[in-house]
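A short write-up of the structure that comes next.
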Amino acid sequence: MPRRTPALMFQGTSSNAGKSVLTAALCRILLQDGFKVAPFKAQNMSLNSFVTRDGREMGRAQVVQAQAARLDPDVRMNPILLKPSSDVGSQVIVMGRPVGNMSVTEYVAYKPRAFAAATAAYDELAAECDVMVLEGAGSPAEVNLKAHDIVNMAMARHAGAHVLLVGDIDRGGVFASFVGTMEILDPAERDLVAGYVVNRFRGQKSLLDDALTYMLRKTGKPVLGVIDNLADLGLPEEDSVSFKAGLYEQPKPAGDHVTIALVDLPHISNFTDLEPFLAEPDAHLMMLRKPADLAGQRVDAVILPGSKNVMSDFAWLVQSGLAARILELAADASIEIIGICGGFQMLGTSIRDPHRIESESGATLAGLGLLPIDTVLEPDKTLTRQTGTHRASGLTVHGYEIHHGQSRTEEARPCITLADTSAAGHATADGRIWGSYLHGLFDADPFRRWFIDQLRERRGLAPVGRILAPYDLEVAFDRLADTVRRQLDLAAIHRLLSL
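FYI, in my numbering the residues of the sequence shown are 907 to 1405.
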């Protein structure tokens, strides 16, 4: 038998326990220790996705983990991606390609094929590495899912991975969650668990001594780390759980600043497009969920973000009254209106869904009418990475496209021109209302600063003219690794992995 690649897996007592961040941290730590390491998550459910160099789609969390390991993102790191399109259905993406929209029942029936694809991807990737760091999903103790699990213990068994259970102590009840999880696991599954990690701790750690002793006595497994609550990591979030919980809602800067309103769509996707603004000292990112949010607020720009279900989200925009309010703001010459991907489509004249990609009736909706574009949702999905030039600033921008919509216009006013001279968006004559399919275009420091500065000038403030907050994930990864290295029992982990 070929040598099995050493593997460690983080599983959680719940969703959003911090598994993704710890996976990224351990990837960077092992890289610093001289190993070739790769992340892996068999199945990810997220509306935040990314396009690889070969034009395939994968979850953003594994992209961040790949960057921590200094690897180019590879769909083998996330072979199955589920993008929820409703409360009971998702688009299923296998090895970077959509295979269809499925209900929960349909996907359960499909899972054996999905697991076969996941294990094949894992075996191929693991053969190229010294060590693998896996991430589970949700909790391995969800009794309604255990029978058809393909991402937690089933994947740990296939990889021969030692499992660390991660619990969020900030929620409360973390030790009960550890014990309860172990009680629900089968004996063979308990044998895979090597210990526990208490995450997001605040306070004096010596106060946990009795609890750590109790866990070892009660379950026979040690606590291998107590990790501080790490605020302001500067890393992109995995999915909308933290975003919807208010992650982006920060106090206004004390000095001169501009305010950018982000419309929080029900099916918002790739909200990380706006994450670079959070570190800018003269930009305030406010969430816009209802017209009343604008009461007494002066905004300099409104951004309509991406959406996994443009038809449903645009209907919500109209019903909530935000569509009418955005039209009022668009009439104000001091305010800029921007749409990204699905938001770009909403700015147009019409959105049609003849193939029933996002609607059961194949509906046609009238858009906001702020840009002269008409969009048709097509079965084939555009997945590509792009570099182009922003026409108004002359600056280089880069990003990726993920969309079913094909937008056409008879008035060619591109806001971004790609290397092949094709357009990646459209703008009004004055450039104040514009949109593009490019996700990640604000990641470019010079363009982001130019964008903020021209909002400053429109408000009557002097432009800064220099980059204030470089969007550098390398610094964030090293800071994260330094903290986790001090608080995780790495000697025990090296012994588990025989490194």
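Ideal Cβ placement from N, Cα and C applies to all residues, glycine included.
Since the structure is predicted, the reported quantities are computational estimates derived from the model, not experimental observations.
Can you find the residues in the same chain that come closer than 6 Å, C-beta to C-beta, to Tyr1016, ignoring five residues on each side of it along the sequence?
Against the sequence shown, residue 1016 aligns to sequence position 110. Contacts found: none.
When burial is assigned at 16 or more other CB atoms within 10 Å of the CB, is Pro985 buried or exposed?
Residue mapping note: residue 985 aligns to position 79 of the sequence shown, counting from 1. Buried: at least 16 other Cβ atoms inside 10 Å.
- Assumed close pair Thr919, Leu1168 - CB separation to whole angstroms, cut-off 8 Å: In the sequence shown, the residue the question calls residue 919 occupies position 13. In the sequence shown, the residue the question calls residue 1168 occupies position 262. Not quite, the Cβ-Cβ distance comes to about 31 Å (not below 8 Å), so this is no contact.
When burial is assigned at 16 or more other CB atoms within 10 Å of the CB, is Ser1404 buried or exposed? Counted from its first residue, the sequence shown places residue 1404 at position 498. Answer is exposed; the Cβ neighbour count stays below 16.
| query | What's the gap between the Cα of Gln917 and the Cα of Cys933? | reply | Residue 917 sits at position 11 when you count from the first residue of the sequence shown. Residue 933 sits at position 27 when you count from the first residue of the sequence shown. Approximately 15 Å between the Cα atoms of the pair.
- Message: Considering Cα atoms alone, identify which of Ser1313, Leu1228 and Ile1246 is closest to Asp1259.
- Response: Numbered from 1 along the sequence shown, position 353 holds the residue referred to as residue 1259. Nearest of Ser1313, Leu1228 and Ile1246 to Asp1259, Cα basis: Ser1313.
Evaluate Gln1156 with the Cβ neighbour count: other Cβ atoms within 10 Å of its Cβ, from every protein chain shown; 16 or more gives buried, anything less gives exposed. Position 250 of the sequence shown, counting from 1, holds the residue named residue 1156. Exposed.
Could you tell me which whole beta strand (DSSP E) segments of length 3 or greater appear in the segment 966-1001? 986-990 and 995-1000
Proximal residues to Ala1368 (C-beta, below 8 Å), its chain only, five neighbours per side dropped: The residue you call residue 1368 lines up with position 462 of the sequence shown. So the qualifying residues of the chain are Arg1362.
Problem - Gly1300 versus Phe1353, Met951, Ala1137 and Gly1161, residue with shortest Cα-Cα distance - result: Taking the first residue of the sequence shown as 1, we reach residue 1300 at position 394. Measuring from the Cα of Gly1300, the nearest candidate turns out to be Phe1353.
Provide the residue span of the alpha helix (DSSP H) that contains Thr1119, from first to last. Stepping through the sequence shown from its first residue, residue 1119 is reached at position 213. Note, Thr1119: alpha helix (DSSP H), Asp1115 to Thr1125.
How many Å lie between Ala1201 and Phe1383 at the Cα?
Taking the sequence shown and counting its residues from 1, the one referred to as residue 1201 is at position 295. Taking the sequence shown and counting its residues from 1, the one referred to as residue 1383 is at position 477. Using only the alpha carbons, I get a separation of about 39 Å.
Subject >> Close beta carbons around Lys1214, own chain, < 6 Å, minus the five adjacent residues each side >> reply: Start at 1 with the first residue of the sequence shown, and residue 1214 comes out as number 308. Result list for Lys1214: Leu953, Lys989, Ser991, His1173 and Ser1175, in chain order.
CA-CA distance, Leu1396 and Gln973?
For the purposes of this step, residue 1396 is taken as residue 490 along the sequence shown, with counting starting at 1. For the purposes of this step, residue 973 is taken as residue 67 along the sequence shown, with counting starting at 1. For Leu1396 and Gln973, the distance between alpha carbons rounds to 21 Å.
- Task: Identify whether Asp1384 lies in helix, strand or coil by the three-state DSSP scheme.
- Result: Here residue 1384 is taken as the residue at index 478 of the sequence shown, counted from 1. Reduced to three states, the DSSP call for Asp1384 is helix.
Could you tell me the alpha carbon to alpha carbon distance between Arg1063 and Leu1098, rounded to whole angstroms?
Here residue 1063 refers to the residue found at position 157 of the sequence shown. Here residue 1098 refers to the residue found at position 192 of the sequence shown. Distance between the alpha carbons of Arg1063 and Leu1098: 8 Å.
Contact check, Gln949 vs Ala1024 under 8 Å by CB: the rounded distance? Position 43 of the sequence shown, counting from 1, holds the residue named residue 949. Position 118 of the sequence shown, counting from 1, holds the residue named residue 1024. So it is a contact: roughly 7 Å between Cβ atoms.
### Query
Taking C-alpha atoms, which residue in Asp1074, Pro1187 and Val957 lies nearest to Gly1131?
Mapped onto the sequence shown, residue 1131 falls at position 225. Closest by alpha carbon: Asp1074.
In this structure, does DSSP put Tyr1102 in helix, strand or coil? Residue mapping note: residue 1102 aligns to position 196 of the sequence shown, counting from 1. Strand, per DSSP.
- Query: Is the Cβ-Cβ distance between Leu1191 and Ile1166 less than 8 Å?
  - Reply: Indexing the sequence shown from 1 puts residue 1191 at position 285. Indexing the sequence shown from 1 puts residue 1166 at position 260. Going by beta carbons, Leu1191 and Ile1166 fall inside the 8 Å limit.
request  = Could you tell me which of Leu1253, Ile1257, Arg1338 and Ala1333 sits nearest to Ser1240, measuring between CA atoms?
outcome  = Here residue 1240 corresponds to residue number 334 of the sequence shown, with the count starting at 1. The shortest Cα separation from Ser1240 among Leu1253, Ile1257, Arg1338 and Ala1333 belongs to Arg1338.
Note to self: For Met907 and Glu1034, what's the separation of their Cα atoms in angstroms?
What the structure shows: Residue mapping note: residue 907 aligns to position 1 of the sequence shown, counting from 1. Residue mapping note: residue 1034 aligns to position 128 of the sequence shown, counting from 1. Bear in mind that the predicted position of Met907 carries a pLDDT of just 42, short of 50, making it unreliable; the figure below should be weighed with that in mind. Rounded to the nearest angstrom, the two C-alpha atoms are 16 Å apart.
Cα-Cα separation, Gly1248 to Pro1320:
Walking along the sequence shown from the start, residue 1248 turns up at place 342. Walking along the sequence shown from the start, residue 1320 turns up at place 414. Put simply, the backbone Cα of Gly1248 is about 17 Å away from that of Pro1320.
Review point. Identify the residues that DSSP records as bridge partners of Arg1003: which are they?
Key: Stepping through the sequence shown from its first residue, residue 1003 is reached at position 97. Its beta-bridge partners are Val1000.
Name the two residues that bound the continuous alpha helix (DSSP H) containing Ser1083.
-> As a first step, residue 1083 is located in the sequence shown; it is residue number 177 there, counting from the start. Its alpha helix (DSSP H) spans residues Val1080 to Ile1090.
**OP:** Confirm, please, whether the CB-CB distance from Gly1366 to Leu1277 is below 8 Å.
**Re:** In the sequence shown, the residue the question calls residue 1277 occupies position 371. In the sequence shown, the residue the question calls residue 1366 occupies position 460. In this structure, Gly1366 does not lie closer than 8 Å to Leu1277 by Cβ.
_Inter-residue spacing [alpha-carbon to alpha-carbon] between Arg1391 and Ala931_ = Counted from its first residue, the sequence shown places residue 1391 at position 485. Counted from its first residue, the sequence shown places residue 931 at position 25. Rounded to whole angstroms, Arg1391 to Ala931 spans 8 Å at the Cα level.
Review point. With burial defined as no fewer than 16 other Cβ atoms inside 10 Å of the residue's Cβ, what is the status of Ile1373: buried or exposed?
Key: Within the sequence shown, numbered from 1, the residue matching residue 1373 stands at position 467. Looking at its Cβ environment, which holds fewer than 16 other Cβ atoms inside 10 Å, Ile1373 is exposed.
Item to complete: Could you tell me which residues DSSP pairs with Ile1166 in its beta bridges?
Response: The residue you call residue 1166 lines up with position 260 of the sequence shown. Paired residues: Leu1191 and Ala1207.
Looking only at C-alpha atoms, which of Ser1256, Gly1212, Ala1375 and Leu1271 sits nearest to Ala1189? For this step, residue 1189 is matched to residue 283 along the sequence shown. Among Ser1256, Gly1212, Ala1375 and Leu1271, the Cα nearest to that of Ala1189 belongs to Ala1375.
Minimum Cβ-Cβ distance from Val1390 to chain C less than 8 Å: Looking for chain C here will not work: only one protein chain is present.
Handout entry: Under the three-state DSSP convention, the category Ile1343 falls into
Key = Position 437 of the sequence shown, counted from the start, is the residue given in the question as residue 1343. According to the sequence as given, residue 1343 is Tyr; it is not Ile. Of the three classes helix, strand and coil, the one that applies to Tyr1343 here is coil, per DSSP.
Comparing C-alpha positions only, which one of Asp1036, Val1080 and Glu1089 sits nearest to Ala1047?
Residue 1047 sits at position 141 when you count from the first residue of the sequence shown. Of the listed residues, the one whose Cα sits closest to Ala1047 is Glu1089.
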